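Going down the list, the protein sequences come from chains A and B.
Residues 7 to 351 (the working numbering) are what the first sequence spells out, left to right.
Residues 7 to 351 (the working numbering) are what the second sequence spells out, left to right.
For each residue, glycine too, the CB sits at the ideal point set by N, CA and C.
Computed from a predicted model, the values in this text were never measured in an experiment.
Just below is one structure, and these are the notes that go with it.
There are 2 protein chains.
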Amino acid sequence: MKKPKLATVAAQAGVSVATASQVLRGTGRISEQTRKRVLAAADDLNYVPDARAVAMRSGVNREIGLVIHEISNPLNAEVMSGVCDLLESEGFLVSVLDSRDSAERQRRHLEAFIRSSRSGLIWVPAADTPSDEVDLLANHRMPTVTFLRRLPNSPFDHVGIEDAAAISAAVNHLADLGHQRIAYLGGIATFGVRVDRLAGYHRTLSERSPFGPIVWDCEDNKRSGLDAMIALKNAHPDVTAVVCNGDMVAIGATQGLLRMGLRPGPDLSIVGFDDIQDAAVTTPPLTTMTIRPYQLGRRLARTLLDRIADPHMLRAVTMVPAELVCRDTTAPPAPPARRLAMAGR
Amino acid sequence: MKKPKLATVAAQAGVSVATASQVLRGTGRISEQTRKRVLAAADDLNYVPDARAVAMRSGVNREIGLVIHEISNPLNAEVMSGVCDLLESEGFLVSVLDSRDSAERQRRHLEAFIRSSRSGLIWVPAADTPSDEVDLLANHRMPTVTFLRRLPNSPFDHVGIEDAAAISAAVNHLADLGHQRIAYLGGIATFGVRVDRLAGYHRTLSERSPFGPIVWDCEDNKRSGLDAMIALKNAHPDVTAVVCNGDMVAIGATQGLLRMGLRPGPDLSIVGFDDIQDAAVTTPPLTTMTIRPYQLGRRLARTLLDRIADPHMLRAVTMVPAELVCRDTTAPPAPPARRLAMAGR
DNA sequence: CCAGTCCGATAAAACGATTTAGCACAGTGA
DNA sequence: TCACTGTGCTAAATCGTTTTATCGGACTGG
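Here it is as structure tokens:
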């Protein structure tokens, strides 16, 4: 009735455990006759080797962990698909833990991964990650690749997005259309992502527009984007275009405009960031910066595999470009601000 | 330079491994003096016990697995939050695997969980799950709770939604508003979820409307919902209300209406299912059936814990109710089909 | 007939922890 | 002094595998 172990199989086949192990692993010199007996016994008992014992004896795990700040974020979901596909094809099991941007939860997750000696870690650090998490991982020689958010003084490989260049492209696109009063909406202040993107915004705006920057904070979800857009438009009625820190915010912002009776595009231009699947389906479809999230996930996985293969390799920071996808939320500015017949709510 | 093990700690503290173990576990009779020495040594080396060895020796794992058909589905994300919160508070580590509705991937995941002797499994079966997966899990005595999709002849605990009653409520709501030509949109045909929901639809429609049912298939995402809504409206121009199999479809459907120049609500009523976070943020906000996904996740976790605590308990099938949330996509039918000023696309 | 070579199978030592039984020693009461 | 009782610690067995060294036998060549 109990779970069969290797000894059970060996006993049933009338051989020693060593022999049984060699048959199952395909190593050593075994006669065809005994090989068949062992295989039959294993199949009969439907024997499954205990992964813990195997890992303990042979030292390796083929399990990698993914610690992510928000599992339900559509961008992350697509990246994860890419990561999993590549790693699974190499025979790894990848298990996902969601820190929900809580440093405490994240700490528990990282410790659990260390305790169970996962063979590698792909990590989007939580927003308020303390600096000693890096030491924790580094001390335990955990092969680690960070994604999206780079930690200060990080010794780890990193895959990120060319944020400044991307936002530059967005601002240039708007300026080409004739916009001058261009605001920046969203993002969490702590992280490099936001810093780099804002740098791109400030630099390009100063090149292309006589007006100063307008930066408006909000959280990274549709509800916040919606509220923030309304507040921003009331505070700065002359703004004609908004660059958003992410598609969630941008989609929220278009909803905000609709509720104010304004048409996204003709009345106020909006550019998103990430090109999540929703971006193409909202009404109107969102102009945004796309980063090919699935492919990015594959690159992430590849980076980790390289690190596992050679722990002494030089640290690599890979930046992938983002490209502009023009849909319907950007248009030349319209001098008179027309009101739409169908008022919102 | 290598990872410190218990023997390293013991050596540094000048005691035996047995003593070191007892200090760290807090068992046995240990003098205050040696206790301090061991603790200091462990801290100094920053020792972390090897979870694999611990699990192997003591037989238990405190790791549970979550195999889900689509990790990026917003409903699942909220359910997962509830599951994780409860299980983590009980000291379990929960790792998530995404089958992406592929039976093959799912099989690999389940086998991996069995090999590593996870102490339990919460499972949303993939759409084309073969029946022998059930045997696989049952043979290995894996404590399992299925969610959302119930397998035929399943010996496992299950937590599901009162689908038929919920759809009944949705149809009644529409009928109360005066609708008679009510269609059903979306869902994957294989599963009980869809069967039960359709049963509720057929039954209640026949009670409340002189017209026959209209059932229109589509996949469970916004893009499909959008396309299907347009096709449905063209095929059946006299339909005035649509009940959707999920919020993703419903949101897609509202987008489809907007692109046709119709107003969701006044021109055609739509009811969703799930009440995902987006539902309240789309324009117009979606009328839908809410199931309190976070609380549902907690119940799921509780069910699994009970099962782990007592493997011989009678199988439990728990159905949770869904409640109507009225927002702005349902309204009394308007006799003349007015066109909106702002045409879509 | 002996040394050498292969072949097939196995005993035993790891892997890193927990746990049980027992040992040495000090203190206590008779 | 002896028997007894705690106290503080440790040796050794154990969990389920893999791997290494070894062993007996059959065969080969000189």
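Item	Value
N- and C-terminal bounds of the alpha helix (DSSP H) containing A16/B	12–19
I194/A (DSSP reduced to helix, strand or coil)	coil
Within-8 Å CB hit, G126/B to chain A	no
Contact list for L232/A against chain B, beta-carbon separation under 7 Å	V287
Below-8 Å beta-carbon distance, R298/A vs any chain B residue	no
Host beta strand (DSSP E) of C224/B (start-end)	No beta strand (DSSP E) contains C224/B, which DSSP labels as neither H nor E.
Residues of the region 71–83 of chain B whose Cβ lies closer than 7 Å to any Cβ of chain A, in chain order	I77, S78, P80, A83
C-alpha gap between A347/B and P272/B, whole angstroms	Since pLDDT at A347/B reaches only 44, below the 50 mark, its modelled position is unreliable, and no value is offered.
Minimum Cβ-Cβ distance from C332/B to chain A less than 8 Å	no
Any chain A beta carbon closer than 8 Å to R344/B	Here the model assigns R344/B a pLDDT of 46, short of 50, so the residue's position is not dependable, and the following value carries that caveat. Judged by the 8 Å Cβ criterion, R344/B is not in contact with chain A.
Same chain only: Cβ atoms within 6 Å of A172/A, ignoring 5 sequence neighbours per side	M295, A328
Counted within 10 angstroms of its Cβ, other Cβ atoms place L103/A as buried (16 or more) or exposed	buried
Cutoff 6 Å; reference E168/B; Cβ partners in own chain excluding five residues on either side	M325, P327
Under 8 Å by beta carbon: chain B residues contacting M266/A	Within 8 Å Cβ-Cβ: nothing; M266/A doesn't reach chain B, min ~11 Å.
Interface flag, P338/B vs chain A, CB-CB below 8 Å	no
Status (buried if at least 16 other CB within 10 Å, exposed otherwise) for Q112/B	buried
Cβ-based contacts, 8 Å cut-off: residues of the region 306–317 of chain B near chain A	none
8 Å Cβ cutoff met for A256/B and I276/B	yes
For S275/A: DSSP bridge partner residues	A247/A
Beta carbon proximity, I120/A to chain B, threshold 8 Å	yes
Residues that I173/B bridges to, as DSSP identifies them	Paired residues: none, contrary to the question.
From N240/A, L191/A, E213/A, residue whose alpha carbon lies closest to that of I220/A	L191/A
CB-CB length for V151/B against R321/B, believed under 8 Å	Going by Cβ atoms, the distance from V151/B to R321/B rounds to 10 Å, so no, they are not a contact pair.
Delimiting residues of the alpha helix (DSSP H) encompassing S27/B	23–31
Beta-bridge pairing of T210/A - partner residues as DSSP gives them	DSSP, once it has assigned bridges, lists no residue as partnering T210/A.
N-terminal and C-terminal residue of the alpha helix (DSSP H) that D163/B is part of	That residue, D163/B, is in no alpha helix (DSSP H); its beta strand (DSSP E) goes 163–167.
Reference P5/A; option with closest CA among A181/A, L116/A, V249/A, V248/A	Any property of residue 5/A remains undetermined from this structure, which presents chain A solely from 7 to 351.
Endpoints, the alpha helix (DSSP H) within which V255/B is located	253–265
Beta-carbon contacts of A10/A that lie in its chain and below 6 Å, excluding the five residues immediately before and after	For the record, residue 10/A in the displayed sequence is Pro; it is not Ala. Result list for P10/A: L51, Y53, in chain order.
Classification of S122/B by the beta-carbon crowding that lies within 10 angstroms, buried from 16 upward	buried
Meets three-Cβ-pair contact criterion under 8 Å: the region 138–145 of chain B and the region 76–89 of chain A	no
Test: Q18/A CB closer than 8 Å to a CB of chain B	no
Closest Cα partner of F129/B within the set L211/B, V29/B, R155/B, L264/B	Sequence check: residue 129/B is Trp here, not Phe. The option with the nearest alpha carbon to W129/B is R155/B.
Contact list for V187/B against chain A, beta-carbon separation under 8 Å	A small fix is needed here, since residue 187/B is Arg in this sequence, not Val. Under the 8 Å cutoff, chain A gives no residues; its nearest Cβ is about 24 Å from R187/B.
Short-range partners of chain B found in the region 205–229 of chain A, where Cβ spacing is below 7 Å	K228, R229
Contact test: N159/B Cβ vs the ligand ATP heavy atom, cutoff 7 Å	Absent from the structure shown: the ligand ATP. Ligands present: none.
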